[in-house]
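Reading through the structure tokens given below for one structure.
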Amino acid sequence: MATPYTPHAVEAAQAPHTAAGAAADTAFRSALDVVAGVEPRIAAAIGQELEDQRASLKLIASENYASPAVLLAMGNWLSDKYAEGTAGRRFYAGCRNVDTVETIAAEHARALFGADHAYVQPHSGIDANLTAFWAVLSQRVESPALERAKVRGVNDLTEQDWAQLRQSLGNQRMLGMSLDAGGHLTHGFRPNISGKMFDQRSYGTDPATGLIDYDALRETAREFRPLILVAGYSAYPRLVDFRRMREIADEVGATLMVDMAHFAGLVAGKVLTGDHDPVQHAQIVTTTTHKSLRGPRGGMVLCDTELAEHVDRGCPLVLGGPLSHVMAAKAVAFAEARRPEFQTYAHAVVDNARALAEGLLRRGGRLVTGGTDNHLVLADVSGYGLTGRQAEAALLDSGVVTNRNSVPQDPNGAWYTSGVRLGTPALTTRGLGTAEMDEIAALIDTVLRATTPTTTAGGAPSKAQYRLDDAVRDGVAKRATDLLAPFPLYPGVDLT
Ligand code: DSN
27 MATPYTPHAV EAAQAPHTAA GAAADTAFRS ALDVVAGVEP RIAAAIGQEL EDQRASLKLI
87 ASENYASPAV LLAMGNWLSD KYAEGTAGRR FYAGCRNVDT VETIAAEHAR ALFGADHAYV
147 QPHSGIDANL TAFWAVLSQR VESPALERAK VRGVNDLTEQ DWAQLRQSLG NQRMLGMSLD
207 AGGHLTHGFR PNISGKMFDQ RSYGTDPATG LIDYDALRET AREFRPLILV AGYSAYPRLV
267 DFRRMREIAD EVGATLMVDM AHFAGLVAGK VLTGDHDPVQ HAQIVTTTTH KSLRGPRGGM
327 VLCDTELAEH VDRGCPLVLG GPLSHVMAAK AVAFAEARRP EFQTYAHAVV DNARALAEGL
387 LRRGGRLVTG GTDNHLVLAD VSGYGLTGRQ AEAALLDSGV VTNRNSVPQD PNGAWYTSGV
447 RLGTPALTTR GLGTAEMDEI AALIDTVLRA TTPTTTAGGA PSKAQYRLDD AVRDGVAKRA
507 TDLLAPFPLY PGVDLT
């Protein structure tokens, strides 16, 4: 029997009747009064965002709700300081407090994940990945063009520079998970800079099971011989065997890099352990800090000691000055994640995702891989006769916030898609449990059954337009509101 999750002690302490709750309420209200004194429309938009978040059934797999302590750590004068370099070795004077903040954030991160080294400066997941790619190139490849890029910065490189750079780097290769199997743009695809830096090839999933086919991946790796094997995903609902990934990487002489942006909270919360813990197996691990990890919007790189000096050159090689106020908030979030309650939270995220998956399957839904082992569910909505875009919009009309997503070999491409991605980190933070997840599955099924594509002028079913029964929409929206009512968001904060 799973331990029921009750909101994190830090959140519970924000209840209106406690001193901490009153303090958070005063802090946010005072801050907005100060903002309103200069630009009231911005204060109003910030306040409205809280109301919107409170009112929506948020199932976006990459979002969460950070604690008041994390949010408040970002709104202060640390933002005013430039601090290029690393703690104790800055290009600016007067950085002692930034040094303190960065050192504490890195200490917490190393302890939380059992990593040799933590670099907490990346501003986002893309920045963290870019830092990691350059670190591996810098460690393993000698190139005058790379040295020039380190001095000039990558933003100033032309297409011709890129071609020369790739050539001078020996046309290095990257093998990552394909986009439609759940990989990420930053894993070597053309719209991202990683696709310009590397010759890229993808591994997919088994069409019959939707699972990673490690034997096929190994064959591809043996033939392609990448410098970097990238593991990790943003839309794969199952466990990844990182021990096996490392064996494949070692066999072909690749560095194993894992992008754990989506599931860092499950690693921190000890859901993903042993073969499923990327930090134990990969030489370099990147993440965002705001998804299942529930910190501020930002990124981080963890790595083995041998890569540390290369990773630490992220700024100024590919990053602007570190955001010291965000590093402070990362430190607070990591401290929260080291508390035992976070492990209960992380397990509840997965229990909730399983309950959501089972609820959809029981009602006839189709899920990629037939279920989930992590925080997300990828529903194939083609069985309802809809595209992902129609399903996403009809659910939004009904107060259920999701995002459309490709399914493997998606006939509708990346814009319309055939899938909807559903994630449980945010609603679990609010305290919703498995019973509520089953009810949410019922609401989703009800909306999708009541939605039909309209036809285009030529008589074909539209991929974007749809008709949704008004009574169903209103009934589901009302039920979503009722479902959220016992789980207030930031209960201590009253901006009215
Ligand atoms: N935008 C994130 C997501 O939704 O998965 C990944 O970059």
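The C-terminal position of the sequence shown is numbered 522 in this note's numbering, with every residue numbered one higher than the one before it.
The C-beta atom is built at its ideal place from N, Cα and C for all residues, glycine as well.
Nothing here was measured: the structure is a model prediction, and the numbers come from that model.
Less than 8 Å separating the beta-carbons of residue i and residue j?
i    : j    : result
H316 : G324 : yes
N90  : A354 : no
D51  : G518 : yes
L211 : L521 : no
T246 : R216 : no
V305 : A46  : no
G347 : E110 : yes
R23  : A468 : Residue 23 cannot be examined here, being either before or after the span of the chain that is shown, 27 to 522.
L253 : T281 : yes
P434 : D206 : yes
Y240 : R272 : no
V162 : G196 : no
G151 : A287 : yes
R251 : R192 : no
D464 : G391 : no
A69  : V61  : yes
L515 : Q74  : no
I466 : L98  : no
Grab the span of the alpha helix (DSSP H) containing residue i for me, first residue to last.
i    : result
S228 : First-last for S228: 225–229, but that is the beta strand (DSSP E), not the alpha helix (DSSP H).
V158 : Sequence check: residue 158 is Ala here, not Val. Here the alpha helix (DSSP H) through A158 covers 151–166.
K356 : 350–363
Y145 : Y145 -> not in any alpha helix (DSSP H); beta strand (DSSP E) instead, spanning 143–145.
P479 : P479 -> not in any alpha helix (DSSP H); beta strand (DSSP E) instead, spanning 477–481.
D285 : Not the alpha helix (DSSP H): D285 falls in the beta strand (DSSP E), residues 281–285.
D406 : Per DSSP, D406 belongs to no alpha helix (DSSP H); it is in the beta strand (DSSP E), 402–406.
G258 : Unbroken run through G258 is the beta strand (DSSP E), 254–258; no alpha helix (DSSP H).
R380 : 366–388
T246 : 240–250
G340 : 340–343
I274 : 268–278
D59  : 45–62
P304 : 304–307
D187 : 185–194
P293 : Here residue 293 is Val; the residue named in the question, Pro, does not match the sequence. Looking at the DSSP string, the run of the alpha helix (DSSP H) that includes V293 is 290–294.
Return the bridge partner residues of residue i from the DSSP annotation.
i    : result
P512 : P512 pairs with nothing; no bridge assigned.
C121 : DSSP lists no partner for C121.
M100 : Paired residues: none, contrary to the question.
Y108 : In the DSSP output, where bridge partners are listed per residue, Y108 has none listed.
M463 : For M463, which the question treats as bridged, DSSP gives no partner whatsoever.
V327 : Y145, T312
V426 : L83
N438 : None, per the DSSP bridge assignment.
N431 : G445
L393 : A405
R115 : T112
For residue i, I'd like the list of residues in its chain whose CB is within less than 6 Å of its CB, leaving aside the five on either flank, ordered along the chain.
i    : result
F555 : The chain is shown from 27 up to 522; residue 555 falls before or after that span and cannot be answered.
H302 : L265
A132 : A144, V146
S488 : P479, T480, T482
Y410 : L474
S204 : S228, G230
K296 : Q369
For residue i, collect the residues of the same chain with a Cβ closer than 8 Å to its Cβ; drop the 5 residues on either side in sequence, then sort them by chain order.
i    : result
L292 : L298, S318, A372, V375, V376, N400, H401
M27  : With a pLDDT of only 45 at M27, under 50, the local geometry of the prediction cannot be trusted, and the value read off the model is given with reservation. No residues qualify anywhere along the chain.
F268 : A257, L282, V284, D301, H302, D303, P304, Q306, H307, A308
A158 : M283, I310, T312, V327, C329, V337
A35  : Legend: pLDDT at A35 = 46, less than 50; position of this residue unreliable, value from coordinates given subsequently. Correct list, in chain order: R365, E367.
E277 : R244, A247, R248
K107 : Y118, G120, C121, N123, V124, S350
Might you give, ordered along the chain, the residues of its own chain that have their beta carbon closer than 7 Å to the beta carbon of residue i, omitting 5 neighbours on each side?
i    : result
R447 : A87, A261, L402, L404, T428, N429, N431
D423 : L494, R499
F224 : Q198, R199, M200, G214
What are the start and end residues of the beta strand (DSSP E) that includes residue i?
i    : result
T314 : 310–314
R199 : 199–203
P487 : 487–494
G449 : 445–449
### Message
If you measure from each CB to the nearest heavy atom of the ligand DSN and keep those under 5 Å, what residues do you get, in chain order?
### Response
S88, S260
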